[in-house]
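Protein chains: 2
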Amino acid sequence: MSKHKCTIGVDFGTESGRAVLVDVTDGQEIATAVHPYGDGVIDETLPGTPGTANISLPPDFALQNPADYMEVLRVTIPAVLRKSGADPGDVIGVGTDFTACTMMPIDKKGTPLCMKPEWRNNPYAWVKIWKHHAAQPEANRLNEIARERGEKWLSRYGGKISSEWLFPKMWETLNKAPQVYEAADRYIEGADWIVLQLTGQERRNSCTAGYKAIWSKREGYPSDDFFAALDPRLRHVVDEKLSREIYPLGHRAGGLTQEMAAMTGLRPGTAVPVGNVDAHVSVPAATVVEPGRMVIIMGTSNCHMVLGARENIVEGMCGVVEDGIIPGYFGFEAGQSCVGDHFAWCVENCVPAGYRDEAERQGVSRHQLLEEKAAQQKPGEHGLVALDWWNGNRSVLVDVDLTGLLVGATLVTRPEDIYRALIEATAFGTRVIIESFENSGVAVNEIVACGGLPERNKLLMQVYSDVTGREIRVAATAQAGALGGGLFAAVAAGKEAGGYDTIFEAAKHMARLKDVVYRPNPAHKAVYDQLYAEYLKLHDYFGRGQNNVMKRLKALRQQALAGA
Amino acid sequence: MSKHKCTIGVDFGTESGRAVLVDVTDGQEIATAVHPYGDGVIDETLPGTPGTANISLPPDFALQNPADYMEVLRVTIPAVLRKSGADPGDVIGVGTDFTACTMMPIDKKGTPLCMKPEWRNNPYAWVKIWKHHAAQPEANRLNEIARERGEKWLSRYGGKISSEWLFPKMWETLNKAPQVYEAADRYIEGADWIVLQLTGQERRNSCTAGYKAIWSKREGYPSDDFFAALDPRLRHVVDEKLSREIYPLGHRAGGLTQEMAAMTGLRPGTAVPVGNVDAHVSVPAATVVEPGRMVIIMGTSNCHMVLGARENIVEGMCGVVEDGIIPGYFGFEAGQSCVGDHFAWCVENCVPAGYRDEAERQGVSRHQLLEEKAAQQKPGEHGLVALDWWNGNRSVLVDVDLTGLLVGATLVTRPEDIYRALIEATAFGTRVIIESFENSGVAVNEIVACGGLPERNKLLMQVYSDVTGREIRVAATAQAGALGGGLFAAVAAGKEAGGYDTIFEAAKHMARLKDVVYRPNPAHKAVYDQLYAEYLKLHDYFGRGQNNVMKRLKALRQQALAGA
Numbered sequence: 001m002s003k004h005k006c007t008i009g010v011d012f013g014t015e016s017g018r019a020v021l022v023d024v025t026d027g028q029e030i031a032t033a034v035h036p037y038g039d040g041v042i043d044e045t046l047p048g049t050p051g052t053a054n055i056s057l058p059p060d061f062a063l064q065n066p067a068d069y070m071e072v073l074r075v076t077i078p079a080v081l082r083k084s085g086a087d088p089g090d091v092i093g094v095g096t097d098f099t100a101c102t103m104m105p106i107d108k109k110g111t112p113l114c115m116k117p118e119w120r121n122n123p124y125a126w127v128k129i130w131k132h133h134a135a136q137p138e139a140n141r142l143n144e145i146a147r148e149r150g151e152k153w154l155s156r157y158g159g160k161i162s163s164e165w166l167f168p169k170m171w172e173t174l175n176k177a178p179q180v181y182e183a184a185d186r187y188i189e190g191a192d193w194i195v196l197q198l199t200g201q202e203r204r205n206s207c208t209a210g211y212k213a214i215w216s217k218r219e220g221y222p223s224d225d226f227f228a229a230l231d232p233r234l235r236h237v238v239d240e241k242l243s244r245e246i247y248p249l250g251h252r253a254g255g256l257t258q259e260m261a262a263m264t265g266l267r268p269g270t271a272v273p274v275g276n277v278d279a280h281v282s283v284p285a286a287t288v289v290e291p292g293r294m295v296i297i298m299g300t301s302n303c304h305m306v307l308g309a310r311e312n313i314v315e316g317m318c319g320v321v322e323d324g325i326i327p328g329y330f331g332f333e334a335g336q337s338c339v340g341d342h343f344a345w346c347v348e349n350c351v352p353a354g355y356r357d358e359a360e361r362q363g364v365s366r367h368q369l370l371e372e373k374a375a376q377q378k379p380g381e382h383g384l385v386a387l388d389w390w391n392g393n394r395s396v397l398v399d400v401d402l403t404g405l406l407v408g409a410t411l412v413t414r415p416e417d418i419y420r421a422l423i424e425a426t427a428f429g430t431r432v433i434i435e436s437f438e439n440s441g442v443a444v445n446e447i448v449a450c451g452g453l454p455e456r457n458k459l460l461m462q463v464y465s466d467v468t469g470r471e472i473r474v475a476a477t478a479q480a481g482a483l484g485g486g487l488f489a490a491v492a493a494g495k496e497a498g499g500y501d502t503i504f505e506a507a508k509h510m511a512r513l514k515d516v517v518y519r520p521n522p523a524h525k526a527v528y529d530q531l532y533a534e535y536l537k538l539h540d541y542f543g544r545g546q547n548n549v550m551k552r553l554k555a556l557r558q559q560a561l562a563g564a
Numbered sequence: 001m002s003k004h005k006c007t008i009g010v011d012f013g014t015e016s017g018r019a020v021l022v023d024v025t026d027g028q029e030i031a032t033a034v035h036p037y038g039d040g041v042i043d044e045t046l047p048g049t050p051g052t053a054n055i056s057l058p059p060d061f062a063l064q065n066p067a068d069y070m071e072v073l074r075v076t077i078p079a080v081l082r083k084s085g086a087d088p089g090d091v092i093g094v095g096t097d098f099t100a101c102t103m104m105p106i107d108k109k110g111t112p113l114c115m116k117p118e119w120r121n122n123p124y125a126w127v128k129i130w131k132h133h134a135a136q137p138e139a140n141r142l143n144e145i146a147r148e149r150g151e152k153w154l155s156r157y158g159g160k161i162s163s164e165w166l167f168p169k170m171w172e173t174l175n176k177a178p179q180v181y182e183a184a185d186r187y188i189e190g191a192d193w194i195v196l197q198l199t200g201q202e203r204r205n206s207c208t209a210g211y212k213a214i215w216s217k218r219e220g221y222p223s224d225d226f227f228a229a230l231d232p233r234l235r236h237v238v239d240e241k242l243s244r245e246i247y248p249l250g251h252r253a254g255g256l257t258q259e260m261a262a263m264t265g266l267r268p269g270t271a272v273p274v275g276n277v278d279a280h281v282s283v284p285a286a287t288v289v290e291p292g293r294m295v296i297i298m299g300t301s302n303c304h305m306v307l308g309a310r311e312n313i314v315e316g317m318c319g320v321v322e323d324g325i326i327p328g329y330f331g332f333e334a335g336q337s338c339v340g341d342h343f344a345w346c347v348e349n350c351v352p353a354g355y356r357d358e359a360e361r362q363g364v365s366r367h368q369l370l371e372e373k374a375a376q377q378k379p380g381e382h383g384l385v386a387l388d389w390w391n392g393n394r395s396v397l398v399d400v401d402l403t404g405l406l407v408g409a410t411l412v413t414r415p416e417d418i419y420r421a422l423i424e425a426t427a428f429g430t431r432v433i434i435e436s437f438e439n440s441g442v443a444v445n446e447i448v449a450c451g452g453l454p455e456r457n458k459l460l461m462q463v464y465s466d467v468t469g470r471e472i473r474v475a476a477t478a479q480a481g482a483l484g485g486g487l488f489a490a491v492a493a494g495k496e497a498g499g500y501d502t503i504f505e506a507a508k509h510m511a512r513l514k515d516v517v518y519r520p521n522p523a524h525k526a527v528y529d530q531l532y533a534e535y536l537k538l539h540d541y542f543g544r545g546q547n548n549v550m551k552r553l554k555a556l557r558q559q560a561l562a563g564a
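Here it is as C-alpha cells:
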C-alpha cells in the first residue's frame, strides 16, 4: 500500500479497457485491471435484441457499444483500488485516453442514440470506431472538394483527410441514414463522451479536435462554406452537431460526479482532465516532451509521434496540431495501418501444422517460434521484399485501397521467411515516414518505442534499428496509454493537490525508459539500405499511380462479392 | 489374362519408375507397377559409402543413381507380367521414356562413372537430372556467345538455351571437375542409356538430341567453331563425347538381350524402340498426332506440346524439333517450371493447423480441403494476382532467376485465396504461352490435358478453361508416359508382329480421351480477361527488365548465404 498520492489512468483500447493506478511521485504502476468489451468490435451483426433477428452490417463497418465503456469504469477502477489497497482519498485524479476517431451520435442528455430502444436497430446509431472504413466515398469526395477549393488546412493533414476521421463518418451517416443524423443532438468523440460521463461536463479536447476534426487553435474549423460545398445540409455542422469550445490537454474538465464516485469507489470531485488519444497520451509516458525524439507506439498498427517548434508540412503525415500532444509544441503524427495485425495474419494463415506442433513441444507461442527461426537469418537471406499494405497505407501515401505485396518467393521460402519479410516491410515503412519528416525539416534523431510489440519481439526492435539507422529505446511502461492518462490526471489535479503543474514536470517524475538500447548494426544497415531501395521502388510503382493494380483488384473483388 | 498382343511401357520419372502392360488392340492398361528410386533425387549429400563421411553437394544440385533405373526394370516388368498373367511370348515390345535432360558420363562399356569405385565420391560423376540447376553460369555464357555469333539455331529454342540442358551441364563438369569430363568416354541421356542396357545398342533418339542437345535433322549440331568459342577444349565435344548418329522416334533400337530377358522375364529379342522423353511420348498417348490440339502435361511442372507443319519461331518456347514428337511434323515444346510444386508449396507452408484438423475431420487431404474452399469463390473474389515464378519462368521468358510474386493481400486473405491465386497464375502463364504460339502462327484450338493434376483437381481444369477460353479434354490414361512407351513399342514391333507400322495407327487404336469436357464459362472468362491484363502487366514489368528486383533479391540472398 502506497503512502504517496496516486492517479488512475484509464485506457480505452480497441478490444478492452485498462486501468492503472500510478504513484505520482515516481510513476510506479501499483495495480492494473483489464476488462474486455462485452460486445468487442462489432463488424458482422449488431448485438442481438431478444426476439429480433440479427441485423447484418455492411462491409467495412466497425462499431462498438458505449455501454461497454461504462462497464470498464465500473469494473476496473474498483479493481485497482482493491488490488493496490490505495485510499481513495490519495487518488488525486483520473485521466483517460481513447482510440480515435471513435465517434457517436448522442441526444441532449449525452445518451448515445444506440442506447435508446428506438434507434438500437440502426447501425448508424452506434459508435463508429477508428477502423470503421465505410466512409471512404465521403472521404474521397471531401478531399476532392478541399483540393478544388484550395483549402489551406489540407496540407496540415498530409494532403488528405482519412476516411477514419470525424467528418467523413458524419457525412456517411447523413447520406446513408439521414434520420439518425437528424435525431442526433450532437456528435462526440468517445474520448470526450467518457469525460462527460465522469464529470457531467462536456469539455472537448484539443487532441481529437485537432487530429480528427480538422480544428486548429489558430484557425478553428474549416469554414461553413466549405461544409456547404460538401453538402448544403452540412453548412452549420459545427454549430449544430459539434462545438467550437475546445480545451487544451491537461486542462481539468471537472470533478468526478456523485454518481460516478459511487460507481467507482473514488471520491466525488476527484480531478478529471479533458480526454486524450491513446497514441498521443503515450508520448510523455515514453519520456518525450521535446523535439527530435520520435515515439512509435507499436501495436496492431504503428503510430509515429514527434514534436517540433514550427508547423512544417510533411507529406502524408496524419496531422500536425499545435499543442496537440505537448503544450508549446507542434505535435506531428504519422502512422502505419498494419503492424501487429500483419504478424498476426501471418501466424494465423501461414503457419503450418508442423510448426504448431513444434511450438507446442517447445512450450512457446507460434509468434515466438517464428521469431526464433527468423532471428537466425541474416538480412537479405530470405530473398523477399514485402509492401506492408495488408491494411492499406496510412503514411505517407494515405490510401486505404492499397494492398499487400510479396516478391521473391521460391519453393524454398518458409513461413519464417515471410514473417521476417513482413517485419522488415513495416520497418521500411517507418523509414519512409522518418525520411519524409526529415526531408521537411522535422528532426528524428532517436526513437522511443512503446506499446505491446517492443515488449515481446526483440527481433522486431533490432530490425527497426538496423533499417532506420537509429538507436531505439523502449518505454519502461507496458501500458503507456494508461500511464499517460495518469500523468495528465496529475496535471489536472495540480501541484497543490500533490500533482504537478505541467506535463513536463509530470513526465520528468513519472515516465521512465528501460535500460535496453537497440543500436544499428552497420553491416546489417548496409544490406537493408539495398533492400530499402527495392522497397522504395515498389512503393512508388504501386503506390503512386504507375500501376494501380491493387485498386483494380479491390474493385474486381467488390464486384465479385456483390454478385455483379 | 489377355489373349491379345501386348506391349510394356516403362516411364522413368523424377522419383520413381513405372511399368504398364498394355493391350495393343485397344490400349487397355492391364497391369501397372511402380518402384521408387532407392536414392531418390540426390540434392544434399551423395549416398554414403560405408566407412566414409557423407559428401555434401553444392547448391542447386540434383542427381540420381543409375542403379535405381536398373532396379525399376528388375522389379516392375516381372510385376506387370505376374499381375496381368500375360504370356511373355505375347509381349511384342518394351518401350521407355525418361525425364530429360538427364545425363551422365559413361565409360567405353556404357558403365556410368559413378558406379565405378574410383569416381563414386565425385558428384560430377553422377547422373545430373533435369532439375539440376548448377550450370546456370555456363548457360548464360553459352547464350551470350551464341547471340554474339548470331547462331541461327538459337531461335529454334526461343532465343535461350536452358541451364537444364546437355551442353551447359557438360561444360559445368568440364569447368568444375575436368578430371571427370576427361575420364568420360561419352556422355549420354538416361533415355538412351536405358535402351543401351536393354538392347546392348547405343541408338540415340531424335527427341532428346533435338530438344536438349541443339541437334536438328537438317543441320545437325552447332558447329565445332561454336563449341571452340565456348571453350577450346569443347571444339570436338560432339565427336569426342557424343555421337552424330541419331535415330527417329519409333525406330527399333534392337531386341532385348539375353541378360535383360533373364532379368525381366521377357523373351530375348523383344522389340525395343529408341528412347523418348516423358512429356513428348505423352502426346500420342493423349490422342494427339496432328496440329491444332495442344497437350499439356500437368504435374510438378507444366509441359506444353503442339504440332505444326512449319518451323515457326515462337518467343520463349523450349524448342521446335522436326520429327521431335510425331514424324512428319514439327514438334513445339514450351513449359512452366512450377505448377504442382506450387500447390504443394502452398499446402506445406500456407495451411494453418486449423485447416489440417478440418481436413482430418472430413477425411480429405489438405489439397482437397483447399480446393473445396477455393472452388466456392467467384473469379476475382479473392482480390489477388500472383506471378507463378516460384521456380523461375521457363516460357516465354526463359529465366530461372525470376521469383514468385503475390499482390493484393489483405488482412482477410485466407490460405484458400492464395491457393486459388496460384492456380490462376499458372493458368495465366499457360495463356501467355498459347498466345505466344498463336501470335507466331502455330494454332492452338483445343487443349488435351494429361498428367497427375487433371485427375485430381477439377477446379484447376475449369480455371484453365475459363482463363484460356478453350475447351479442355483429358487423356483417359493416368499414366500417359508409360502408355506412350507402349505405343512406340508397338511401332518398333511392327504390324507383322501384331503391332503397328506407324504411330498414327498406334494412337488411333491405343489412345483415348475421357468423356469429361471442360468448357469456358463466358462470365468467368470476362473477369479473367481483366485479371489476365493485370498478370501481363506485372509479367512484363518484372520479367522484361523494367524492374529486376527479383534478380537483385536473389543476388542478396546468395551473398547472405555465402556469409559475404
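Just so you know, the protein sequences line up as chains A and B, in that order.
Quick note on our numbering: the first sequence kicks off at 1 and runs consecutively.
Quick note on our numbering: the second sequence kicks off at 1 and runs consecutively.
Using N, Cα and C, we set each Cβ at its ideal position, and we do this for glycine too.
Practice prompt. Could you give the DSSP three-state label for C114/B: helix, strand or coil?
Written response: helix
Worksheet entry | Where V351/A meets chain B, residues with beta-carbon distance less than 8 Å | P352 and A353
Discussion item. Short of 8 Å Cβ to Cβ, which residues in the stretch 516-535 of chain A face chain B?
Written reply: V527, Q530, L531 and E534
Item to complete: Identify which residue in D529/A, C350/A and D278/A has its Cα closest to the Cα of G486/A.
Response: D278/A
Worksheet item: So which residues of chain B does P570/A contact, with C-beta pairs closer than 7 Å?
Response: A query on residue 570/A cannot be resolved here, the shown segment of chain A reaching from 1 to 564 and no further.
Worksheet item: Is it a yes or a no for the stretch 136-154 of chain A touching the stretch 215-232 of chain A, going by three-plus beta-carbon pairs under 8 Å?
Response: yes
Practice prompt. Flag W130/A as yes if its beta-carbon sits less than 7 Å from any beta-carbon of chain B, otherwise no.
Written response: no
Worksheet item: If the cut is a Cβ gap below 7 Å, which residues of chain A does E381/B touch?
Response: R557, A560 and L561
Practice prompt. Taking 8 Å as the threshold, find out whether the stretch 488-505 of chain B comes into contact with the stretch 420-429 of chain B through three or more Cβ pairs.
Written response: no
Discussion item. Please tell me whether, using a cut-off of 6 Å, the distance from the CB of C338/A to the nearest non-hydrogen atom of the ligand HEM is below it.
Written reply: In terms of ligand content, the structure shown is empty, and the ligand HEM therefore cannot be addressed.
Worksheet item: If you count every other CB in all the chains shown that lies within 10 Å of the CB of T111/B, and 16 or more means buried, which is it?
Response: exposed
Fill in: Sequence-distant residues of its chain with Cβ nearer than 7 Å to A375/A (five each side left out)
L459
Practice prompt. Check distances from the C-beta atoms of the stretch 56-67 of chain A to those of chain B and list, in chain order, the residues that come in under 9 Å.
Written response: none
Worksheet item: So the beta strand (DSSP E) G95/B belongs to, where does it begin and stop?
Response: V91 to F98
Discussion item. Three Cβ pairs or more, each shorter than 8 Å: is that satisfied between the stretch 232-248 of chain A and the stretch 71-78 of chain A?
Written reply: no
Worksheet entry | CA-to-CA distance, H304/A to R18/A, given in whole angstroms | 22 Å
Worksheet entry | Unbroken alpha helix (DSSP H) run spanning N54/B, endpoints | Segment: none, N54/B is in no alpha helix (DSSP H) and carries neither H nor E.
Worksheet item: Does any residue of chain B bring its CB to less than 7 Å from the CB of V407/A?
Response: yes
Worksheet item: Leaving out the 5 sequence neighbours to the left and right, which residues in its chain are closer than 7 Å to F504/B when beta-carbon positions are compared?
Response: V289
Worksheet item: What do you reckon, are the CB atoms on L553/A and G383/B nearer than 7 Å?
Response: yes
Discussion item. Between L411/B and chain A, is any beta-carbon pair separated by less than 7 Å?
Written reply: yes
Discussion item. Which same chain residues end up closer than 6 Å to Q462/B when comparing Cβ atoms and leaving out the 5 residues on each side of it in sequence?
Written reply: Y518
Discussion item. Less than 6 Å between C-beta atoms, sequence neighbours within five positions excluded: which residues of the same chain meet that for M1/A?
Written reply: In this prediction, M1/A scores a pLDDT of 45, lower than 50, which makes its location untrustworthy; the coordinate-derived value is nonetheless stated afterwards. Closer than 6 Å at Cβ, skipping near neighbours: G85.
Worksheet item: In this structure, does DSSP put M128/B in helix, strand or coil?
Response: The amino acid at residue 128/B is misidentified as Met; the sequence shows Lys. Reduced to three states, the DSSP call for K128/B is strand.
Practice prompt. Pick out the complete beta strand (DSSP E) segments inside the stretch 359-447 of chain A, 3 residues or longer, and give them in chain order.
Written response: 385-387 and 404-409
Discussion item. Strictly under 7 Å for the Cβ-Cβ distance: is M1/A near chain B by that measure?
Written reply: Reliability fails at M1/A, whose pLDDT of 45 lies under 50, so the model's placement of it is uncertain and the value that follows must be treated cautiously. No - not a single Cβ of chain B is within 7 Å of the one on M1/A.
Worksheet item: Is M1/B helix, strand or coil by DSSP?
Response: Only weak support is given to the placement of M1/B: the predicted model assigns it a pLDDT of 45, under 50, and the question is left unresolved by the model.
Worksheet item: From R544/A to K160/A, what distance separates their C-alpha atoms?
Response: 14 Å
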